[in-house]
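From first to last, the protein sequence lines stand for chains S and X.
According to the working numbering, the residues represented by the first sequence are 2 to 113, in order.
According to the working numbering, the residues represented by the second sequence are 263 to 373, in order.
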Amino acid sequence: DAGITQSPRYKITETGRQVTLMCHQTWSHSYMFWYRQDLGHGLRLIYYSAAADITDKGEVPDGYVVSRSKTENFPLTLESATRSQTSVYFCASSDIREGEQYFGPGTRLTVT
Amino acid sequence: QKEVEQDPGPLSVPEGAIVSLNCTYSNSAFQYFMWYRQYSRKGPELLMYTYSSGNKEDGRFTAQVDKSSKYISLFIRDSQPSDSATYLCAMKWGGGNKLTFGTGTQLKVEL
């Protein structure tokens, strides 16, 4: 299917566990982004990537790790999950020539 | 002070009303302005994208940008229950394609 997909859609994990959220896009967009969305804070940028093997920190990167070995994939790893990382996570992508970003359906993560 | 301010609502209007949603911003470097619509438990979807000051119309939706006042608006005419969603403004400056988002306004259109 064309577009941007995220997996899993829902995840419950325990404090201290490592969790990886997956993001895949089929447009060959150069840019990819990870956001978290929390009540009262809106969308906050965690990490972004301008191309394969190029990543950079966003507004709230602490506790997260990303990699981008292929253009179409941009996984986000929580190395040791904490309760404060309970949130809805959105992946997005955009073409290098355009400004608008296209979002995935989100992953709802609960850390107990 | 946040770079982008947006009233979180909730805003409740009757069906058929004209809705006005607004954002103010402080960064003069913002050049591109967008409105996203987000239904409950879904990802944001792009609704409108404008570059210059003035109005841009698309069906029942009109996006307005006033760079001199650092103020953008989204108007929805003949609002429908299906317009009930959270509306986020977003802004971009320079290269890099990063966006700065408002916190979103929750809109409910009632029958």
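By construction, the Cβ of each residue, glycine as well, lies at the ideal position given by its N, Cα and C atoms.
Note that the structure is a prediction, hence the values are computed from the model and not measured.
Within chain S, G43 and L44 have C-beta atoms less than 8 Å from the C-beta of X/L350, given in sequence order.
The beta carbon of X/F292 lies closer than 6 Å to those of M353 and W355 in the same chain, with the five residues before and after it left out.
Residues of chain X with a Cβ closer than 8 Å to the Cβ of S/S29 do not exist, since the nearest Cβ in that chain sits about 15 Å away. DSSP, read as helix, strand or coil, puts X/S314 in coil. Of all residues in the stretch 89 to 112 of chain S, only V89, F91, C92, A93, S95, D96, I97, E99, G100, E101, Q102, Y103, F104, G105, P106, G107 and R109 place a beta-carbon less than 9 Å from a beta-carbon of chain X.
Any Cβ of chain X closer than 8 Å to the Cβ of S/Y65 would place that residue at the interface, and such an atom is absent.
When DSSP reads this structure, X/S290 sits in no beta bridge, so it has no partner. Listed along the chain, the chain X residues whose CB falls inside 7 Å of the CB of S/Y32 are N359.
Within a 10 Å sphere around the beta-carbon of S/G43 sit 16 or more other beta-carbons, which makes this residue buried. In this structure, S/Y90 lies near S/G107, with their beta-carbon atoms less than 8 Å apart. Identification of chain X residues near S/Y49 by a Cβ-Cβ cut-off of 7 Å yields K360, ordered along the chain.
When secondary structure is reduced to three states using DSSP, X/D345 falls in the helix class. Contact between the stretch 73 to 89 of chain S and the stretch 333 to 347 of chain X is absent, with fewer than three C-beta pairs closer than 8 Å. For X/P306, the nearest beta carbon of chain S is closer than 8 Å to its own beta carbon. When CB distances to chain S are screened at a threshold of 9 Å, the residues of the stretch 277 to 307 of chain X falling below it are Q293, Y294, M296, Y298, Q300, R303, K304, G305, P306 and E307, in chain order. Only residues of its own chain outside the window of five on either side were considered, and among them Y49 and A93 have a CB closer than 6 Å to the CB of S/F34, listed in chain order.
With at least 16 other beta carbons inside 10 angstroms of its own, S/S95 counts as buried.
Per DSSP, S/W28 lies in no beta strand (DSSP E) and is assigned neither H nor E.
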